[in-house]
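Notes follow the structure.
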Amino acid sequence: MAGGQREKFKNPAVEWIDSRLPVFTLMQKEYGVFPTPKNFNYFWNFGAIAMFMLVTMIVTGITLAMQYTADTALAFDATERIMRDVNYGWLIRYIHMNGASFFFIAVYTHIFRGMYYGSYKQPRELLWILGVVIFLLMMATAFMGYVLPWGQMSYWGATVITNLFSAIPIVGDDIVTLLWGGFSVDNPTLKRFFALHYLLPFVICAVVFLHVWALHVTGSNNPSGVEAKGKQDTLPFHPYYTMKDTFGLVVFITIYAAFVFFLPNALGHPDNYIPANPLVTPAHIVPEWYFLPFYAILRAITFDIGIPFTDIVFIEAKLGGVLAMFGAIVMLLIMPWLDTHPVRSARYRPQFKKLLLVFVFGVFVLGYAGSQPADRVYWQTCIGSEAACAVDDHHGEVAHAAPAGEDHAAEEKAPMVLKVDNTMLAQFFTVYYFLFFLVLLPLLSRKEVALPIPESIHQAVLDKKAAKAADSK
Amino acid sequence: MSADTAKTKSTQEPTRREFLNLTGAAFGAVGTAAVVWPFVSSLNPAADTLAMSSTEVDLSPIEKGQSITVMWRGKPVFIRHRTEAEIEDARSVDMAVLRDKQDDKDRAQKPEWLVMVGVCTHLGCVPLGQKETESKGDFGGWFCPCHGSHYDTSGRIRKGPAPKNLAVPEYEFLSDTTVKIG
Amino acid sequence: MKKSIVSVLFVAFAMLGSVNIAHAAGDAVKPPKMEWSFSGPFGTYDKAALQRGFLVFKSVCASCHSMKRIAFRNLEALGYSEGQIKAIAAEYTVMDGPDDEGEMFERAARPSDMFPSPFANDAAAKYANNGALPPDLSLITKARVGGADYLHAILTGYEDAPEHVHLMPGQYYNKYMSGGVIAMPTPLIDDQVMYEDGSPTTVDQYASDVSHFLNWAAEPELEVRKRMGIKVIIFLTIFAFVMYGVKRKIWSDLH
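Chains as they are written, first to last, in the working numbering: chain D, 23 to 495; chain X, 25 to 206; chain V, 574 to 828.
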């Protein structure tokens, strides 16, 4: 990597090593003098923050693994022993537990930044795809980690998610049996989840390495979306961005610490402090918050897909939900080819910006919808006889978990009732989710007229300063 | 983190910057060190392990000349009801020949009861000699089969590579027939 | 653009904030917020309340509920001395063994033993309680939405059932219970447990004392955690300011 030309180091020990294995030259090149656009805003901190979270999760995770036992009879007790008897065990577990949430906060912000400033565009497509792969691996790791304490949510979460695979035609049930290693989520499942939960973070590390490697080939994108053209556009990574990243990181850790020490269970679910019981399903099964938008998309597909007015079904609702959920992530993977507009940054693309912000809002709404019972009614009104509505109202109140079929029957009797329930909310924003990627992005790529983009990063910085000065006058 | 990349204009500037940089580095170092401690500490014995660190043994079924082995903190503890001959043997040894000089009186609170950790002080094997049929070594006590250390009837090292006598744990007699180890 | 991002995030977070509320709502009455000495960032347990709560647990709850994750040695946190803990432990018998003859035997509990459970196993507990399993109480405040507030509410929330609720034998009405129907009979009555410190011997006092105690049982690390948290947050806040200064100084020669 660092060919023949190598500057000598003053420190003889450093020089001795570097002349044999040029790690110091590499560090100097990639993290010392590495030319970095000078106009980053604080959104650019989240890559470093995500990296910090990965390391934190691995360190706390290995420490916890030394005390944990992956056995259905012992896992819950082992976890409680960590909380009660192991020195600082509660601290290490709470750092790990909340760490998952904060890792996702960092990564979601990082992804949003990439979308907003067009970091996925040519020539950074592979960099972006590697990022989506990391995101997928994180989701798998987080899901399996949540199973390990063997509480009620662990057990039922594992049951529901593994059952998704039963939607696959023909071989679905066999695949589920294979995943479980038995006929339900049980000891073999827990043991393999633990093994994989330990393994995957190191796979993530490897992909992160590739992600950073790819980044250092193309160089970073920046808020203006204009490529760096020369020295006047960039700064050496150290000390400018090392110090800025450290500042942002400390602020992030402060918020993280507030959760660890004062609200350690706020992001979790109380049911997971009840030992797993295969005979009792909790009233509301809710995944961890970072899965909620995808969970809402899964639940939004409540209908079979086929030829209307016939009995021909191509995709059953169950498979449809699973396909939609995975499709939501596939959208991210192919995003560089859906949006081919030559301008990167949303700063200079007002229409893209609006639609993207609606998209982000939609993802939040989907997250909310994912947390609510599927039959929750947000709004309803009745046209015609009040009596019909009143009956329906009562029905809804008493039998909260009434099967969908019954609801349907009630609606047919009182066709005057208009309502918005949770499923409809989720369906609306699921449609927007896919519409955004599959229709709006390609359309904008062709039609959107961008604002004039600055000539260079340097020019963008000067423009911004001028605007600020004008503002203050 | 140095001023070499910075082109400073005034003379007062670098000192202030140096100070800030030093403070930042100090905070980083202190923070990192403080974070390391809980992780190291978590590897030490946990509260439930510490709570199990003593054990009570009923001595009444042990006949003269018999030994029992009990588990204490995950290690074997030898308890031997010694015969008069063994006590006599142990007490008449010339201190000069001992590698780890220790009087038998300091090793047994009651002469007929010898309580010690059954772990060879060489490399941690469990010596033979608890059962009648096992080799007791050249000095009538215990013999470690791993590297040939011989212990006498007081559990003191007499021959072989071990540097120290078999360790005597902390113990106390709660009654004539019960002993609490640890 | 900043404004639009901020407003989107604001609306979104406001919605997420209401998630838990909607969750807890369900069909039960929301438990009233209580003043606990252990809530808030500086919260600590009240040792006198813990001891009273332990007394209530021991003389009332423990006849049906287990608390198997708590050892007698843990009672040190309630302010008991080693001698007192030994004496408390000795009141209980635990199964040990096998002895040299291979038999299991009963002996007085030691501080290192866990609290013995009232029933041999879950099936026995269900059989003795009309088919309902009295949950283990070691984690109960963490395992219920509302924590100690919820517990206090349940213990004081027994009422005559409203007309539309039909109770089966062995069922009781409690407005804070999800669904309103609970299998536990009214556990507390006034003057049931004698307090030595002169605290009122009312159901409300018992309920808050035992909730206090069970919150400790679920989160024994709470005091240490919060004390450490204050120090960590202060440290990090100062560190953040220092780093801001460092960053500003370094960037200042660019402007």
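Note that CB positions come from ideal geometry on N, CA and C, so glycine has one too.
In this chain, S639(V) is not harboured by any alpha helix (DSSP H), its DSSP state being neither H nor E. Bridge pairing for S91(X): R104(X) [DSSP].
Between D709(V) and S639(V), the C-beta gap is smaller than 8 Å, which places the two residues in contact.
Taking a C-beta cut-off of 7 Å against chain V, none of the residues of the segment 472-489 of chain D qualify.
Counting C-beta atoms within 10 angstroms of its own C-beta, I117(D) has 16 or more neighbours from the protein chains shown and is therefore classed as buried. In this structure, DSSP gives K125(X) a state outside helix and strand, which the three-state scheme calls coil. The beta-carbon of G55(X) is placed less than 8 Å from the nearest beta-carbon of chain V. In this chain, the beta strand (DSSP E) harbouring G165(X) covers G164 to C168. Only residues of its own chain outside the window of five on either side were considered, and among them P684 have a CB closer than 7 Å to the CB of K659(V), listed in chain order. With contact defined as three or more Cβ pairs closer than 8 Å, the segment 32-42 of chain D and the segment 235-251 of chain D are not in contact.
Secondary structure note for D208(D): it is in no beta strand (DSSP E), with a DSSP letter that is neither H nor E. Counting C-beta atoms within 10 angstroms of its own C-beta, W401(D) has fewer than 16 neighbours from the protein chains shown and is therefore classed as exposed. Within the segment 319-400 of chain D, the alpha helix (DSSP H) runs of at least 4 residues that lie entirely inside it are, in chain order, 339-360 and 372-393. Nearest CB-CB separation between A70(X) and chain V: not below the 8 Å threshold. Using a CB distance below 7 Å, the part of the segment 259-281 of chain D facing chain V consists of P261, Y262, M265, K266, T268, F269, V272, V273, I275, T276, A279 and A280, ordered along the chain. The Cβ of R115(D) sits no closer than 8 Å to any Cβ of chain V. Contacts with chain V at 8 Å (Cβ-Cβ) do not include E147(D). Per the DSSP secondary-structure output, T714(V) pairs with nothing in a beta bridge. DSSP, read as helix, strand or coil, puts P59(D) in strand.
Restricting attention to G719(V), D782(V), L761(V) and D770(V), the CA atom closest to the CA of S751(V) is found in G719(V). Unbroken alpha helix (DSSP H) stretches of 4 residues or longer found wholly inside the segment 657-717 of chain V: 695-701, given in chain order. Contact annotation: the segment 161-173 of chain D does not touch the segment 377-395 of chain D, with fewer than three C-beta pairs closer than 8 Å.
Under the 8 Å Cβ criterion, the segment 251-265 of chain D does not count as touching the segment 786-801 of chain V, having fewer than three qualifying pairs.
In the three-state reduction of the DSSP assignment, N189(X) falls in the coil class, being assigned neither a helical nor a strand state. Here the segment 338-351 of chain D makes contact with the segment 314-330 of chain D; the two share three or more CB pairs at distances below 8 Å. Residue-level contact check: Y295(D) does not touch chain X, since none of the beta carbons of chain X fall below 8 Å from its beta carbon. For R135(D), there is no enclosing beta strand (DSSP E); the residue is found in the alpha helix (DSSP H) stretching over G111 to Y138. Take the alpha-carbon of L740(V) and the one of Y746(V): they are about 8 Å apart. With respect to the C-alpha of D695(V), the residue from F615(V), C637(V), L623(V) and K620(V) having the closest C-alpha is C637(V). Per the coordinates, the alpha-carbon of M175(D) lies some 14 Å from the alpha-carbon of D208(D).
DSSP places W150(D) in the helix class (H, G or I) of the three-state scheme. The CB of V797(V) never comes closer than 8 Å to any CB in chain X; the least such distance is about 11 Å.
In this structure E796(V) does not touch Y653(V) by the C-beta definition: roughly 16 Å separates them, more than the 8 Å allowed.
The beta carbon of D733(V) is closer than 8 Å to those of Y746 in its chain, skipping five residues each way along the sequence. Within chain V, the residues placing a beta-carbon under 9 Å from that of W112(D) are E792, P793, E794, V797 and R798, ordered along the chain.
Close partners of N109(D) in chain X (Cβ separation under 7 Å): S65, S66, N68 and A70.
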